[in-house]
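Note that the sequence shown ends on residue 481 in my numbering; no numbers are left out. Backbone N, C-alpha and C fix where the C-beta goes; we use that ideal spot for every residue, glycine too. Computed from a predicted structure; not experimentally measured.
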Amino acid sequence: MAKKFLLIAPSYACQTITGAGQRTNLIYQVLQSLGKVDILLIGAKTPPFWQKYFPQANLIYFAERGRSVFFLGQKFPFLLPELIDKLGTIFTRRISQYQPDADVSSLVTKLIENNNYNLIICRYLRTAAYSGLLKPSLLPVLLDLDDRDDQVLSSRLAVPNLNFLTRLVIAWHHQQMKSIMPQLLTNFQHIWVTNIKDYSMIPHGSVSILPNIPYQFSLKSQAKIELSNANNLTILFVGSFGHRVNREAMKRFIRYCWPRIKDTVRDANLRLVGSGQWKTLKVPINKRSGITIVGSVENLQEEYRRCQFTIAPIFEGGGTKIKVLESLFYGRTCLVTHHIQLGYEDLQCEDSLLVAHNEKELIYQCIRLLRDPILCEKLAIKGYNIIQKNYSFERFKSSLETPLSRFTKG
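As structure tokens, then:
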């Protein structure tokens, strides 16, 4: 009998133009090679749009979370329930954000009752919580924890110039998250993380590493390295506007770093590529700024060819960080923050990329790369070779299949 799986993911983690969507799609490809796959997307119900990301899926289901309005918002709707929800999220205990959603969990229960699934895979801990899958289950439930919930909060505390009250609230939530994480993870049969550091931090008896890889490997479009022209002074940022940490990172970079870089290297250019409303970013951009907001593009390879190197000036958040691997895959080194480098032990500063610990270092390293094309080339070649060796689709597939085989025998 053919094996059958249920893959549950938030709808925001499905589009293959984003790192989160690429990881979801890679998992789907592997599952599909092993049997039938049903998809449950938690989010907006727009079936025709999402179906293209899961070709040949057995069935695709959709569930929207019910309005989680706190008591005052329910009793007095004229008090702006969405605002009350936001305030409630900030000031109530963290565990309240990991409760089953009535609509989502009801659908999951029906799917389990009406289908002979071998197992369920959830993308993210909150997805499992909304689905009512944190409790013991006769059906194996496996978790892809590529964003550690406690680490996301921890990283926010490292954001430059975070105001005092915000820091207090985040620190409060972070301490709670560290306390409740072991309890929340108890009933999963297996957990995947993305790197060795997370592997060592997860208090669970069955954990393994499912590495991020460049999505291009799965498309069998492996690129031969094409090095940039020595006179190229273009810097590239690739990321979705819809991801808050991308917006805030680029807003700070353009306000506080770019003017210093542009004053020093007057012909430098910065290109912003990615889906969403980047043109609404409230930063000083004009013809003399050297900044081009490109937006979404069909061919990312062409954008990488245009640039000398890429940047990831992000100091907080989760995310799969696949864009770093993608940059090296296309033969362009990357200037990253120490936060972005976490988990990439084989991608070292001064070897395959450069690392900045603050905005002053971002400025210095950008200028350094713009002035030293030989350094860019050396880092790019080393990074490209590491990607080809350590980040293959075959490795990803094997890392996923090995734990799955324990639950799908017979």
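Residues near residue i in its chain [Cβ-Cβ closer than 7 Å; skip 5 each side]
| i | result |
| --- | --- |
| residue 82 | 112, 113, 114, 115, 121 |
| residue 183 | 210 |
| residue 174 | 134, 135, 136, 137 |
| residue 70 | Because residue 70 is not part of the residues shown, which for the chain are 72 to 481, the question remains open. |
| residue 241 | 224, 227, 228 |
| residue 438 | 332, 335, 336 |
| residue 283 | 94, 265, 391, 392, 393, 396 |
Close Cβ partners of residue i (< 6 Å) along its chain, the five nearest in sequence each way excluded
| i | result |
| --- | --- |
| residue 392 | 411 |
| residue 145 | Residue confidence is low: residue 145 scores 49 on pLDDT, short of 50, so the model does not pin down where it sits. Its coordinate-derived value is still stated next. Contacts found: none. |
| residue 447 | 379, 380, 404, 440 |
| residue 346 | 88, 311, 367 |
| residue 427 | 408, 433, 436 |
| residue 244 | 165, 224 |
| residue 74 | 105, 106, 189, 479 |
| residue 425 | 406, 436 |
| residue 259 | 212, 214 |
| residue 360 | none |
| residue 444 | 301 |
Environment of residue i [buried if 16+ CB atoms lie within 10 Å]
| i | result |
| --- | --- |
| residue 191 | buried |
| residue 332 | buried |
| residue 206 | exposed |
| residue 96 | buried |
| residue 219 | buried |
| residue 267 | exposed |
| residue 323 | buried |
| residue 406 | buried |
| residue 93 | buried |
| residue 72 | exposed |
| residue 454 | buried |
| residue 325 | buried |
| residue 161 | exposed |
| residue 382 | buried |
| residue 271 | exposed |
| residue 374 | buried |
| residue 302 | exposed |
| residue 348 | exposed |
| residue 172 | buried |
Check whether residue i and residue j have beta carbons under 8 Å apart
| i | j | result |
| --- | --- | --- |
| residue 285 | residue 400 | yes |
| residue 170 | residue 200 | yes |
| residue 256 | residue 262 | yes |
| residue 78 | residue 99 | yes |
| residue 402 | residue 307 | no |
| residue 281 | residue 102 | no |
| residue 340 | residue 371 | no |
| residue 309 | residue 394 | yes |
| residue 442 | residue 336 | yes |
| residue 414 | residue 269 | yes |
| residue 384 | residue 451 | no |
| residue 430 | residue 328 | yes |
| residue 168 | residue 197 | yes |
| residue 202 | residue 176 | yes |
| residue 204 | residue 230 | no |
| residue 108 | residue 80 | no |
8 Å Cβ shell around residue i - same chain, five flanking residues per side excluded
| i | result |
| --- | --- |
| residue 318 | 312, 352 |
| residue 457 | 399, 417, 418, 423 |
| residue 315 | 388 |
| residue 474 | 213, 261, 263, 277, 279 |
| residue 84 | 91, 92, 94, 95, 194, 195 |
| residue 247 | 164, 165, 166 |
Open item on the list: Using 8 Å as the cut-off, can you tell me whether the stretch 233-241 makes contact with the stretch 187-204, which would need three or more C-beta pairs spanning the two stretches below that distance?
Closed with: No, because fewer than three Cβ pairs between the stretch 233-241 and the stretch 187-204 fall closer than 8 Å, the two stretches do not touch.
Task: Contiguous beta strand (DSSP E) assignments of at least 3 residues, all confined to the stretch 228-266 - done: Within the stretch 228-266, complete beta strand (DSSP E) segments of at least 3 residues are found at 261-264, given in chain order.
- [ ] Can you check the stretch 378-425 for any alpha helix (DSSP H) of at least 4 residues that lies completely inside it and give the ranges in chain order?
- [x] For the stretch 378-425, whole alpha helix (DSSP H) runs of length 4 or above, ordered along the chain, are 393-400, 409-412.
- [ ] Decide yes or no for the touch test of the stretch 210-219 against the stretch 125-140: beta carbon pairs closer than 8 Å, at least 3 of them.
- [x] Cβ pair count under 8 Å is below three, so no.
Task: Cβ contact (3+ pairs, closer than 8 Å) linking the stretch 223-232 and the stretch 353-363 - done: Cβ pair count under 8 Å is below three, so no.
Open item on the list: Going residue by residue through the stretch 183-233, where are the continuous beta strand (DSSP E) segments of at least 3 residues, counting only ones entirely within it?
Closed with: Counting only runs of 3 or more, we get 190-194, 212-215.
- [ ] Entirely within the stretch 306-372 and at least 4 residues each: give me those alpha helix (DSSP H) ranges in chain order.
- [x] Runs of the alpha helix (DSSP H) inside the stretch 306-372: 315-323, 329-335.
TODO: List in chain order: all unbroken alpha helix (DSSP H) runs of 4+ residues lying wholly within the stretch 107-135.
DONE: Counting whole runs of 4 or more residues, the stretch 107-135 contains the alpha helix (DSSP H) stretches 118-122.
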